[in-house]
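A.B. asks: Just so you know, the protein sequences line up as chains A and B, in that order. Numbering-wise (the numbering used here), the first sequence opens with residue 1 and increments by one. Numbering-wise (the numbering used here), the second sequence opens with residue 1001 and increments by one. Before I ask anything, let me first share the structure, which is written out below as structure tokens.
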Amino acid sequence: MTQQFYVSPEQLMKDRADFARKGIARGRSVVVISCEDGIALVAENPSPSLHKIGEIYDKIAFAAVGKYNEFESLRQAGVRYADVRGYSYDRDDVTARGLASVYAQSLGAVFTAEQKPFEVELAVTEVGSSQEMDHLYRLTFDGSIADEKGFIVMGGQAEKVSSAIAEGWHASLRFRDAIRLAMRALVTDTETGAKPKALPVQAVEVAVLDRTSESSRGSRRAFRRLNEADITALLAEED
Amino acid sequence: MQESTANQVAGNATSSFSEHLQRDRPELLPYGRALPAGSGPATPLQVPHATTIVALSYGGGVLMAGDRRATMGNMIASRHIEKVFPADQYSVLGIAGTAGIAIDLTRLFQVELEHYEKIEGTPLSLDGKANRLGAMIRGNLPMALQGLAVVPLFAGYDTTAGIGRLFSYDVTGGRYEEREHHTVGSGSVFARGALKKLWRPGLTEAEAVSVAVESLYDAADDDSATGGPDPVRQLWPVVYTVNRGGARRVPESELAAVAGSIIEARSSARREA
């Protein structure tokens, strides 16, 4: 019979965290920006059908980096959680805070108890009636949860992209400016050192949570995915 | 081992909200409750009933309208009830029958469509929506046999075919596509008669609204469970149109004008029936 090696819990958790971090660092980045018109979610993603950004509920969106099958199953679980909650209580009782804490618990449980931690990082965002009421939660593979202000950057070159966003971010951005800023910042991801130019629209996935969806579109669902033509039109808009 | 895991994953993957509830939270479903055998009430349960929905096609889309009355036996239970609801961006749903169950079924159906759209990233086809609604009505069959029946009417714009389509159902969930117009509920026979005379192919949207309101007026005239336009309380039918641009609720002001002109025409004609 072979003797089981002893591994300290400290070492075990560190190994798992390193493993998850490596997996996430391979992925391309996602940027979530709170602005005057609502919340813009921009991901570098060449696939037109495999989404990194998704709708969860009326005012709540989801963005993720890492392993597709893992965050996709989390997204679907989130949609189920939100729909069951909204159906059994009321639509107003579904909040990003509730959803984020459910995600934190599942990620935490998987991190400590399962064979392998999830190689994902998530953002759960809720658009409010004013910018102060926007919620941006960042969740990492070990179940830690952070309440961010202004913007979230996740994925491969998160630090570089993040500093580029921090330079250009201010509260009164419109969707157009926020998307331009995100597309410029995401370039630092791939073309390090070279003069940054914006990504082509084919290489990004963009969605927004409209702050005024009820009055402007007559829809309580604030989430709107922008297709290539929408993005091109939005970016071409003059000040 | 591997195959069974794959089967399990595939088996658990459902885009249907009602299937998910059936599996995880069956107590939340409006139907499917096992009622104790042989203990049905001698007289049918006295619960609010919703009556008379009309739906018709017009040039470019479909329209659905419902009156505002709910009755409980010979009493008026509500003068404000709404029986026509948007199901999603391109479809609407009208309900006749036991109001409580019908409203819950509507809510479930709305979540069902939205849930599918969010999970799959694409909306359900119009036929898919119509079939899901049929399955839900079939799920309610045990309750229907106890006297708590719900009969819906479903209308939507088929974005692939580019036409408005109309579906009726029976209590067993049978789904029937209607071509021109259809009505359900206790006043439906009278509304149907009116529609037969007033409807013609290629109505404009404004004409369709007027035809629908007039057929509801006729239903209310002869069926005590259907409420007519109420100028005292300023209550008008609920009317939705669905076309290429999506579902739209016809505003009260428009309906007030249409109902007003019908009442005027009827009173100036000086006819009894």
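All C-beta atoms, glycine included, are put in the ideal place defined by N, C-alpha and C.
Helix, strand or coil for B:Thr-1241? Go by DSSP, reduced to three states.
C.D. replies: Here B:Thr-1241 sits in strand by DSSP.
A.B. asks: Given that B:Ile-1119 touches chain A, what residues does it touch there, using C-beta distances under 7 Å?
C.D. replies: The contacting residues are Gln-76 and Val-79.
A.B. asks: Just curious, the alpha helix (DSSP H) that A:Thr-232 is in, first and last residue?
C.D. replies: First-last of the alpha helix (DSSP H) with A:Thr-232: 228-236.
A.B. asks: Going by other Cβ atoms of all chains shown within 10 Å of its Cβ, with 16 needed for buried, is A:Gly-38 buried or exposed?
C.D. replies: A:Gly-38 is buried by the Cβ-count criterion.
A.B. asks: Let me check one thing: in DSSP terms, what residues is A:Arg-224 bridge-paired to?
C.D. replies: DSSP lists A:Val-208 as partners of A:Arg-224.
A.B. asks: Using a Cβ cut-off of 8 Å, pull out every chain B residue sitting near A:Glu-55, in sequence order please.
C.D. replies: Correct list: Lys-1118.
A.B. asks: Only counting runs of 4 or more residues, tell me where the alpha helix (DSSP H) segments fall wholly within the segment 1114-1174 of chain B, in order along the chain.
C.D. replies: DSSP runs (the alpha helix (DSSP H)) wholly in the segment 1114-1174 of chain B: 1126-1139 and 1141-1145.
A.B. asks: Quick one: residues in its chain with C-beta nearer than 6 Å to the C-beta of A:His-135, no 5 flanking neighbours on either side, listed in chain order?
C.D. replies: The residues are Ala-96 and Glu-126.
A.B. asks: Cβ closer than 7 Å: which chain B residues qualify as neighbours of A:Asp-83?
C.D. replies: Going along chain B in sequence order, the residues near A:Asp-83 (Cβ under 7 Å) are Phe-1017, Val-1111 and His-1115.
A.B. asks: Is it the case that the Cβ atoms of B:Leu-1148 and B:Phe-1109 are separated by a distance below 8 Å?
C.D. replies: Contact flag unset, no.
A.B. asks: Is the beta carbon of A:Val-42 sitting closer than 8 Å to the one on A:Met-154?
C.D. replies: Against a cut-off of 8 Å, the Cβ pair of A:Met-154 and A:Val-42 comes out as no contact.
A.B. asks: Between A:Val-65 and B:Gly-1174, what straight-line distance do the alpha-carbon atoms span, to the nearest angstrom?
C.D. replies: Cα to Cα, A:Val-65 sits roughly 45 Å from B:Gly-1174.
A.B. asks: Tell whether a beta-carbon distance below 8 Å holds between A:Gln-131 and A:Ser-216.
C.D. replies: The answer is no: Cβ separation not under 8 Å.
A.B. asks: With a threshold of 6 Å on Cβ separation, who are the neighbours of A:Ile-231 within its own chain once the five nearest residues in sequence on each side are excluded?
C.D. replies: Hits under 6 Å: Val-201 and Val-206.
A.B. asks: Could I get the ranges of all uninterrupted beta strand (DSSP E) runs contained in the segment 19-102 of chain A, with 3 residues as the minimum, in chain order?
C.D. replies: Complete beta strand (DSSP E) runs here, min 3: 30-35, 38-44, 53-57 and 60-66.
A.B. asks: Considering B:Val-1209, what are the terminal residues of the beta strand (DSSP E) in which it resides?
C.D. replies: Here B:Val-1209 belongs to no beta strand (DSSP E); instead the alpha helix (DSSP H) covers 1205-1222.
A.B. asks: On the DSSP letters alone, give me the boundaries of the alpha helix (DSSP H) that B:Leu-1255 sits inside.
C.D. replies: Element bounds for B:Leu-1255: 1252-1269.
A.B. asks: Within a Cβ cutoff of 6 Å, which residues of the same chain sit near B:Thr-1051, ignoring the five residues on either side of it in sequence?
C.D. replies: Excluding positions up to five away in sequence, the list reads Ala-1096, Gly-1185, Ser-1186, Gly-1187, Ala-1225 and Thr-1226.
A.B. asks: Return the bridge partner residues of B:Ile-1103 from the DSSP annotation.
C.D. replies: Note: B:Ile-1103 sits in no beta bridge, so no partner.
A.B. asks: Let's see if you can read the secondary structure: which residues bound the alpha helix (DSSP H) around B:His-1182?
C.D. replies: Run containing B:His-1182: none in the alpha helix (DSSP H); it sits in the beta strand (DSSP E), 1181-1184.
A.B. asks: Relative to the C-alpha of B:Pro-1237, which candidate in B:Leu-1113, B:His-1080 and B:Asn-1012 has its C-alpha closest?
C.D. replies: Of B:Leu-1113, B:His-1080 and B:Asn-1012, the residue nearest in Cα terms is B:His-1080.
A.B. asks: Going by DSSP in three states, A:Arg-174 sits in which element: helix, strand or coil?
C.D. replies: Residue state, collapsed to three classes: coil.
A.B. asks: Nearest by alpha-carbon distance to B:Ala-1155: which of B:Thr-1172, B:Gly-1128 and B:Glu-1254 is it?
C.D. replies: With distances taken between Cα atoms, B:Ala-1155 lies closest to B:Gly-1128.
A.B. asks: Look up A:Phe-151 in the DSSP assignment and say whether it is helix, strand or coil.
C.D. replies: Correct three-state label for A:Phe-151: strand.
A.B. asks: Going by beta carbon distance, what residues of the same chain come within less than 6 Å of B:Tyr-1031, once the five residues before and after it are set aside?
C.D. replies: Hits under 6 Å: Gly-1139, Asn-1140 and Met-1143.
A.B. asks: Under 8 Å, Cβ to Cβ, is there at least one residue of chain B near A:Tyr-87?
C.D. replies: True, the Cβ-Cβ gap to chain B drops below 8 Å.
A.B. asks: Would you mind reading off the limits of the alpha helix (DSSP H) that contains A:Ala-158?
C.D. replies: 158-168 is the extent of the alpha helix (DSSP H) around A:Ala-158.
A.B. asks: Could you run through the segment 28-58 of chain A and flag, in chain order, every residue whose CB is less than 8 Å away from some CB of chain B?
C.D. replies: Listed by position along the chain: Ser-49, His-51, Gly-54, Glu-55 and Ile-56.
A.B. asks: Using DSSP bridges, identify the partner residues of B:His-1020.
C.D. replies: In the DSSP output, where bridge partners are listed per residue, B:His-1020 has none listed.
A.B. asks: What distance in whole Å lies between the Cβ atoms of A:Val-124 and A:Leu-139, which are believed to be in contact at a cut-off of 8 Å?
C.D. replies: Rounded, the Cβ-Cβ distance is 7 Å, consistent with contact.
A.B. asks: What did DSSP end up calling A:Thr-219 once you bin it into helix, strand or coil?
C.D. replies: Note on identity: in this sequence residue 219 of chain A is Ser, with Thr being the wrong assignment. Note: A:Ser-219 maps to coil in three-state DSSP.
A.B. asks: Taking Cβ-Cβ distances shorter than 8 Å, what residues in chain A pair up with B:Leu-1028?
C.D. replies: Within chain A, the residues near B:Leu-1028 are Val-84, Tyr-87 and Ser-88.
A.B. asks: Can you round the beta-carbon distance between A:Glu-44 and A:Val-204 to whole angstroms, since I take them to be within the 8 Å contact cut?
C.D. replies: A:Glu-44 to A:Val-204, Cβ: 6 Å. Contact.
A.B. asks: Interface residues of chain A around B:His-1020 at Cβ under 9 Å?
C.D. replies: Within chain A, the residues near B:His-1020 are Arg-80, Asp-83 and Val-84.
A.B. asks: Between B:Arg-1023 and chain A, is any beta-carbon pair separated by less than 8 Å?
C.D. replies: It does not: the Cβ of B:Arg-1023 has no partner Cβ on chain A nearer than 8 Å.
A.B. asks: Out of A:Phe-175, A:Val-161, A:Ala-113 and A:Leu-181, which one is the CA nearest neighbour of A:Met-13?
C.D. replies: The residue with the shortest Cα to Cα distance from A:Met-13 is A:Ala-113.
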